[in-house]
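>
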Amino acid sequence: MNLTNKVILVTGGTGSFGKKFVTKALENGVKKVIIFSRDELKQYEMAQEFRDERIRFFLGDVRDKDRLYRAFDGVDIVIHAAALKHVGACEYNPFEAVKTNIYGAQNIIEAAIDRGVKRVIALSTDKAAAPINLYGATKLASDKLFVAANSYVGEKETRFAVVRYGNVVGSRGSVVPFFKKMAATGKLPVTDERMTRFWITLDQGVQFVIDCLGRLQGGEIFVPKIPSMKVTDLAKAIAPDAEIQYVGIRPGEKLHEAMITEDDSRHTLEFDNYYVITPEFSWWAQNGSEKGKSLPEDFKFTSDNNISWLTVEELRALVEEM
Numbered sequence: 001m002n003l004t005n006k007v008i009l010v011t012g013g014t015g016s017f018g019k020k021f022v023t024k025a026l027e028n029g030v031k032k033v034i035i036f037s038r039d040e041l042k043q044y045e046m047a048q049e050f051r052d053e054r055i056r057f058f059l060g061d062v063r064d065k066d067r068l069y070r071a072f073d074g075v076d077i078v079i080h081a082a083a084l085k086h087v088g089a090c091e092y093n094p095f096e097a098v099k100t101n102i103y104g105a106q107n108i109i110e111a112a113i114d115r116g117v118k119r120v121i122a123l124s125t126d127k128a129a130a131p132i133n134l135y136g137a138t139k140l141a142s143d144k145l146f147v148a149a150n151s152y153v154g155e156k157e158t159r160f161a162v163v164r165y166g167n168v169v170g171s172r173g174s175v176v177p178f179f180k181k182m183a184a185t186g187k188l189p190v191t192d193e194r195m196t197r198f199w200i201t202l203d204q205g206v207q208f209v210i211d212c213l214g215r216l217q218g219g220e221i222f223v224p225k226i227p228s229m230k231v232t233d234l235a236k237a238i239a240p241d242a243e244i245q246y247v248g249i250r251p252g253e254k255l256h257e258a259m260i261t262e263d264d265s266r267h268t269l270e271f272d273n274y275y276v277i278t279p280e281f282s283w284w285a286q287n288g289s290e291k292g293k294s295l296p297e298d299f300k301f302t303s304d305n306n307i308s309w310l311t312v313e314e315l316r317a318l319v320e321e322m
């Protein structure tokens, strides 16, 4: 999508995604980017890093609807990246995750409609498909809220969609920095030798969101076709000489992640480089410029049945590229 002269607000914009998105937005001639987040130190550090007069910083929490109403004034596009994301923290602080990830999502929706925002994309996660942990459950609820929001915008132009993808290489709190740190000890803790995950680079994830801004009509869940990797292969790529210690699956973890379940596949369309889980609303019409194809009923897109896999050498190259 052409971002020239657009006013864009990014919730949780001081994180890894936000910084990369802002970089791309500035390169694409955006009129203004508003960073909405609750950590003044990270905002200060980001301001020192970018030093661009087109960036504005807005302190606030997605739990605070009134603050969102003020922040959304004059905004064309909202990218909703704010969330409590740490699986363990959400397991042990469940209602905090509910307040941010679910109540916060509804606040975004209501503020966007009432303030006349044109397009909203909410970032989701593979953990929202068939969730077994609290984080995934809250993001599934969030996804449902954003999809359903399109059915009650009335005559407003606001449209909502969701982008769902897997682990981001090198993002804050991801396994790559952790493995790099532990490599110095000569031992890498791995939960289970069978574990697999989807893998996407930060640049790919941000570009996919920008592309989907141009595709969305409202109610879609966009899923990129991305490769899988074995966690043991990642360990070998980062520290080939380190001893791997299997420590067991942590609370709320899966052996394999899913992005499209068999039940979702009945209303999912396949395109060249991505899938669209379509909303089950009669008003939704497929984009006339691109025609997706239906999937077999037993289709599922999971990290263990993927046709695309990263090798140890490819993983090493990605890690070094960081």
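So in the working numbering, spot 263 of the sequence shown is number 263, and the numbers just go up one at a time. Just so it is clear, CB atoms sit at the ideal spot from N, CA and C, and this is done for glycine as well. Bear in mind that the values here come from a model prediction, so they are computed numbers and not experimental data.
1) For Y125, is the classification buried or exposed, using 16 other Cβ atoms within 10 angstroms of its Cβ as the cut-off for buried?
2) Hey, A325 and L123 are a contact pair by Cβ (cut 8 Å); roughly how many whole angstroms apart?
3) Quick check on E96: does DSSP put it in helix, strand or coil?
4) Give the straight-line distance between the Cα atoms of S289 and Y246, rounded to the nearest whole angstrom.
5) Identify whether I102 lies in helix, strand or coil by the three-state DSSP scheme.
6) Go ahead and pull the three-state DSSP assignment for P189.
7) Excluding the 5 residues preceding and the 5 following R67 in the sequence, name in chain order all residues of the same chain whose CB lies nearer than 6 Å to its CB.
8) When DSSP labels each residue in this structure, what does G288 get in the three-state scheme?
9) Within 10 angstroms of its Cβ, does L188 collect 16 or more other Cβ (buried), or is it exposed?
10) Could you tell me which of E157, H256, V223, I79 sits nearest to M229, measuring between CA atoms?
11) Within the continuous alpha helix (DSSP H) that includes I238, where are the two ends?
12) How big is the Cα-Cα spacing for D241 and G186?
13) Per DSSP, what kind of secondary structure is L213 in: helix, strand or coil?
14) I think D76 touches V7, with their Cβ atoms under 8 Å apart; what is that distance to the nearest whole Å?
15) Does the structure place the segment 100 to 111 close enough to the segment 257 to 276 that three or more beta carbon pairs sit under 8 Å?
16) Does the separation of the CB atoms of Y165 and P227 fall below 8 Å?
17) Please list the terminal residues of the continuous alpha helix (DSSP H) segment that includes T23.
18) In the DSSP output, which residue or residues are listed as bridge partners for V276?
19) According to DSSP, simplified to helix, strand and coil, what is V319?
20) In three-state DSSP terms, what is S303?
21) Give me the residue from N28, L295, G15, G136 with the minimum Cα distance to Y46.
22) Report the three-state DSSP secondary structure of F36 (helix, strand or coil).
23) Given V206, which residues of its chain have a CB within under 6 Å of its CB, disregarding the five upstream and five downstream residues?
24) Under DSSP, the alpha helix (DSSP H) around L140 begins and ends at which residues?
25) Once you ignore the five residues that flank A128 on each side, which residues in its own chain have a CB closer than 7 Å to its CB?
26) Out of T311, D211, R197, D39, point me to the one whose CA is closest to N273's CA.
27) Between the alpha carbons of D233 and M322, how many angstroms are there, rounded?
28) Does the beta-carbon of A137, which I'm using as the reference point, lie nearer than 7 Å to any heavy atom of the ligand NAP?
29) In the DSSP assignment, what are the bridge partners of V162?
30) Looking only at its own chain, which residues have a Cβ that is under 6 Å from the Cβ of E253, when we skip the five neighbours before and after it?
31) Report the three-state DSSP secondary structure of V169 (helix, strand or coil).
Well, looking at it:
1) Here residue 125 is Thr; the residue named in the question, Tyr, does not match the sequence. Buried.
2) Nothing can be reported for residue 325: it is not among the residues displayed for the chain, which extend from 1 to 322.
3) Reduced to three states, the DSSP call for E96 is helix.
4) Low confidence applies to S289: its pLDDT is 46, below 50, so where it sits in the model is not reliable enough to give any reading.
5) Of the three classes helix, strand and coil, the one that applies to I102 here is helix, per DSSP.
6) Reduced to three states, the DSSP call for P189 is strand.
7) The answer, listed in chain order, is G60.
8) Any reading at G288 must be qualified, since the residue scores a pLDDT of 47, below 50, and its modelled position is unreliable; the value itself is stated next. Reduced to three states, the DSSP call for G288 is coil.
9) Around the beta carbon of L188, a 10 Å sphere encloses 16 or more other beta carbons of the protein chains shown; the residue is thus reported as buried.
10) Comparing C-alpha distances from M229 to each of E157, H256, V223, I79 shows the shortest one belongs to H256.
11) Unbroken alpha helix (DSSP H) run through I238: 231 to 238.
12) So the two alpha carbons sit approximately 7 Å from each other.
13) L213 falls in the helix class under three-state DSSP.
14) That belief holds up - the Cβ atoms of D76 and V7 are roughly 5 Å apart, short of 8 Å.
15) They do not touch, by the three-pair rule.
16) Cβ atoms of Y165 and P227: not closer than 8 Å.
17) Bounds of the alpha helix (DSSP H) holding T23 are 16 to 27.
18) The partner list for V276 (beta bridge, DSSP) reads F222, L269.
19) Here V319 sits in helix by DSSP.
20) Coil, per DSSP.
21) With the sequence shown as reference, residue 46 is identified as Met, and Tyr is not the correct amino acid for it. With distances taken between CA atoms, M46 lies nearest to G15 out of N28, L295, G15, G136.
22) Strand.
23) The residues are K20, F21, K24.
24) Residues 134 to 149.
25) For A128, where only same-chain residues beyond five positions count, the Cβ hits under 7 Å are G136, K139, L140, D143, R164.
26) Of T311, D211, R197, D39, the residue nearest in Cα terms is D211.
27) A direct Cα-to-Cα measurement between D233 and M322 gives close to 17 Å.
28) Among the components of this structure there are no ligands whatsoever, and the ligand NAP is therefore not found.
29) Answer is A122, I221, bridged to V162.
30) Contacts found: none.
31) Looking at V169 - three-state DSSP - the assignment turns out to be coil, as it is neither helix nor strand.
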